[in-house]
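Undergrad:
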Amino acid sequence: MSGVTPSVGEDARDILPLLYGMDLAEPATIRFANVNDAHVFHVHLFRDGDENYVLCIPADDEKARTTELQQVANEVRLLNAQQQRLVQELEEARSELETKRADAQRASMVKSRFIASISHEFRTPLTSVIGYTELLLNESGQNSDVLAHAKAISRSARHLLSMVDNILDQARIEEGNIAIRIAPLNVRQVTDDITTMLAPLAAEKFIGFGAFVDAKVPRVISTDEVRLRQILVNLVGNAIKFTDAGEVNLEITWAQDKLIVVISDTGPGIPEDQQLLIFDAFHRVNDLDGKRGTGLGLNITARLVELLGGSIELESQPGVGSRFELVLKAPESQAAVAADNIYGERKVMGKSRKHAQRILIAEDDPDLTELLGLFLTRGGYELMMAEDGEQAVKTALKEQPDLVLMDVNMPQMDGLSAARELRKKGFSQPILALTASLSVNDRDQAFTWGCDGYLVKPISMAELLSSVERHLHERG
């Protein structure tokens with residue numbers, strides 16, 4: 008069997024130990040012994056008295072099964088090894104992903120802080136520029152050149168403000184940081200505010216501007232007021248900007264819990280091949296008449312409309328004009344809304360009186376402090392000042408002013424922390440937050456921490472005096 012051939016006349020049993028290398032004094036078994044490379048046997052060696060016996064049992068089938076099982080076992084071991092490697096790789100990938108996620112969160116926080124800082128740094132000085140320009144325009148006896156220059160400054164400042172807001176909003180949208188706050192609002196009041204804001208721009212160009220709200224529109228609906236205003240200002244402002252003759256119209260109707268808004272103009276129109284691209288970021292329609300911009304306004308508008316659960320469609324014909332139609336989810340609301348609830352301010356019930364005598368201005372920017380003082384002085388109010396949150400708390404508790412105008416971003420102690428501290432110590436008079444932030448979360452936090460109103464820079468004298476008088480009247 009093993010290729011060892013005994014000599015003639017030699018007892019084969021004598022060479023068995025040589026064949027198998029074992030002591031035949033004890034029974035033994037050789038499993039899967041090959042015979043002539045053709046068959047496999049189990050060879051059993053045992054002694055019976057003086058005789059040695061060799062028993063060969065065919066094992067071809069068992070060998071095949073054993074080989075197959077061994078192959079399966081080898082494959083299982085290989086798969087286990089591969090699985091362990093995959094688990095290790097997954098753990099490494101998970102760890103790397105966690106690191107990248109943490110880095111992304113830190114980057115997002117840095118970006119958010121940067122956006123908030125940029126918003127503050129732009130809006131605060133622009134408030135002074137626009138505000139002082141407003142004072143010049145309201146001065147009697149100004150010559151025509153001064154008025155023309157003041158109007159040019161105002162237009163440029165508001166254009167810069169619009170560009171900054173668009174860039175910041177685009178950044179917020181890209182990082183998914185645009186929050187939607189659905190609340191009751193008065194549609195007619197919003198429309199009146201838009202008209203008051205934009206009608207002078209149309210008048211400067213000697214074009215008509217009309218706003219119509221259908222009688223079927225409920226007095227109060229539910230949607231995000233800040234974003235609705237932003238959408239309307241973008242679309243109506245664009246229409247006025249690009250219309251040099253004729254008119255711009257804003258029409259609002261309502262049906263089946265949806266607000267339908269149509270803005271039409273007699274401007275240059277938009278070529279058909281541009282209409283599909285008009286809502287893309289940074290796209291401008293061949294720089295119409297050399298009018299410049301960021302190319303973000305319509306893209307932001309479309310994204311906001313989408314966030315509000317609506318749609319926007321464009322119809323336009325070159326040389327005739329354009330028509331934008333918005334359809335927004337806006338169910339009727341039974342909640343009560345103050346008629347002039349401009350910034351979503353909290354209504355405070357109280358007795359009525361003409362106005363308060365003393366107002367504390369907490370603001371760290373000296374130019375803005377002086378401007379706010381001029382606005383309020385013209386409204387007939389007496390003033391006191393604080394340069395940071397800590398000073399505002401001390402002054403308010405000591406002097407008990409009738410209203411506090413609190414800038415949110417101040418050194419030592421920020422305005423919202425100061426408002427919360429005042430409420431903890433029993434101060435009950437109105438507190439109006441003045442901020443450069445358009446964030447819904449910041450606005451909600453202001454109300455949560457004790458503010459009664461939320462005013463966004465830049466703010467006009469009329470808006471400031473209206474808000475101050477309203478809160479003093481309501482608190483009484």
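The numbering of the sequence shown is our numbering, which starts it at 8 and goes up by one.
C-beta: ideal position from N, C-alpha, C; glycine also.
Can you give the Cα-Cα distance for R472 and L142, rounded to whole angstroms?
TA: Looking at the sequence provided, one finds Leu at residue 472 rather than Arg. Cα to Cα, the separation comes out at about 14 Å.
Undergrad: Just to confirm, is the Cβ distance from A490 to L423 under 8 Å?
TA: In the structure as shown, the chain starts at 8 and stops at 483, and residue 490 therefore has no counterpart that could be examined.
Undergrad: Who are the near neighbours of V224 in its chain, counting only those whose CB is closer than 7 Å to its CB and skipping five residues on each side?
TA: Cβ neighbours of V224 beyond the five flanking positions: V194, I259, T260, W261.
Undergrad: When the distance is taken between beta carbons, is P373 closer than 8 Å to G138?
TA: Cβ distance not < 8 Å, so G138 and P373 don't count as in contact.
Undergrad: Among the residues of its own chain, which have a CB less than 6 Å from the CB of D296, if the five just before and after it don't count?
TA: Summary for D296: the model assigns pLDDT 48, below 50, so the residue's position carries little reliability, and this model does not support an answer.
Undergrad: Would you tell me roughly how many angstroms separate the C-alpha atoms of D172 and A206, rounded to the nearest one?
TA: Looking at the two C-alpha atoms, the distance is approximately 21 Å.
Undergrad: Using only the alpha-carbon positions, how far apart do M417 and S229 sit?
TA: If I take the Cα positions, the gap works out to 34 Å.
Undergrad: Starting from N59, follow its DSSP beta bridges and name the residues at the other end.
TA: N59 pairs with R54.
Undergrad: Is the distance from the Cβ of V2 to the Cβ of D67 below 8 Å?
TA: Because the chain is modelled from 8 through 483, residue 2 falls outside the range shown and cannot be assessed.
Undergrad: One question on the structure: do D414 and A453 come within less than 8 Å of each other, judged by their Cβ atoms?
TA: Taking 8 Å as the Cβ cut-off, D414 and A453 do not qualify as a contacting pair.
Undergrad: For K212, which residues of its own chain have a beta-carbon under 8 Å away from its beta-carbon, when the five flanking residues on both sides are left out?
TA: So the list reads I247, T250, D251, once near-sequence residues are dropped.
Undergrad: Could you tell me the distance, in whole angstroms, from the CA atom of L429 to the CA atom of T273?
TA: Between L429 and T273, the C-alpha separation is close to 53 Å.
Undergrad: Cα-Cα, which of A222, G217, P278, P65 is closest to V255?
TA: When each option's Cα is compared against that of V255, the closest is G217.
Undergrad: Thinking V475 and L410 are a contact (beta carbons under 8 Å), I'd like their distance in whole angstroms, please.
TA: Rounded, the Cβ-Cβ distance is 6 Å, consistent with contact.
Undergrad: Taking the continuous alpha helix (DSSP H) assigned at P207, which residues delimit it?
TA: Where P207 is concerned, the enclosing alpha helix (DSSP H) stretches over 194-211.
Undergrad: Assign Y388 to one of three DSSP states: helix, strand, or coil.
TA: Of the three classes helix, strand and coil, the one that applies to Y388 here is coil, per DSSP.
Undergrad: What does the alpha-carbon distance come out to for the pair A190 and A88?
TA: Computed Cα separation, rounded: 58 Å.
Undergrad: Would DSSP call Q407 helix, strand or coil?
TA: Note: Q407 maps to coil in three-state DSSP.
Undergrad: Determine the closest residue to G457 out of D421, S444, S446, P437, with distance taken between C-alpha atoms.
TA: Nearest C-alpha to G457: P437.
Undergrad: I'd like the span of the beta strand (DSSP E) that includes R226, first residue to last.
TA: Per DSSP, R226 belongs to no beta strand (DSSP E) and is neither H nor E.
Undergrad: Between which two residues does the beta strand (DSSP E) carrying T1 extend?
TA: Residue 1 lies beyond the residue range present for the chain, which begins at 8 and ends at 483; the question has no answer from this structure.
Undergrad: Assuming F286 and A309 form a contact by the criterion Cβ under 8 Å, report the distance between their Cβ atoms to the nearest whole angstrom.
TA: About 4 Å; that satisfies the 8 Å criterion.
Undergrad: Using 8 Å for Cβ pairs, my map puts N241 next to G304. What's the rounded Cβ distance?
TA: So it is a contact: roughly 5 Å between Cβ atoms.
Undergrad: What residues in its chain sit with their C-beta under 7 Å from that of R108, if we drop five residues either side in the sequence?
TA: Contacts found: none.
Undergrad: DSSP three-state call for A35: helix, strand or coil?
TA: DSSP places A35 in strand when its eight states are reduced to three.
Undergrad: Does DSSP put F48 in a helix, a strand or coil?
TA: F48 falls in the strand class under three-state DSSP.
Undergrad: Indicate the three-state DSSP secondary structure (helix, strand or coil) for N41 in the structure shown.
TA: Looking at N41 - three-state DSSP - the assignment turns out to be strand.
Undergrad: With H, G and I counted as helix, E and B as strand and the rest as coil, what does DSSP make of F434?
TA: If DSSP states are grouped into helix, strand and coil, F434 belongs with coil.
Undergrad: Short check: CB of D371 to CB of E394, under 8 Å?
TA: Yes, they are a contact pair.
Undergrad: Give a yes or no on whether the C-beta atoms belonging to L333 and G317 are separated by under 8 Å.
TA: Yes, they are a contact pair.
Undergrad: What would DSSP say about S271, mapped onto helix, strand or coil?
TA: Strand.
Undergrad: Do you know whose CA, among G396, L412, Q398, lies nearest Y388's CA?
TA: For the residues G396, L412, Q398, the minimum Cα distance to Y388 belongs to L412.
Undergrad: Rounded to a whole number of angstroms, what is the C-alpha to C-alpha distance between A426 and P275?
TA: If you take the alpha carbons of A426 and P275, they lie about 50 Å apart.
Undergrad: Under 8 Å by Cβ, that's how I've got K367 and P408 pegged, so tell me the actual separation to the nearest angstrom.
TA: Note that residue 367 corresponds to Leu in the displayed sequence, not to Lys. Going by Cβ atoms, the distance from L367 to P408 rounds to 4 Å, so yes, they are a contact pair.
Undergrad: Quick one: what's got a C-beta closer than 6 Å to H51's C-beta in the same chain, skipping five residues either side?
TA: So the qualifying residues of the chain are T36, L62.
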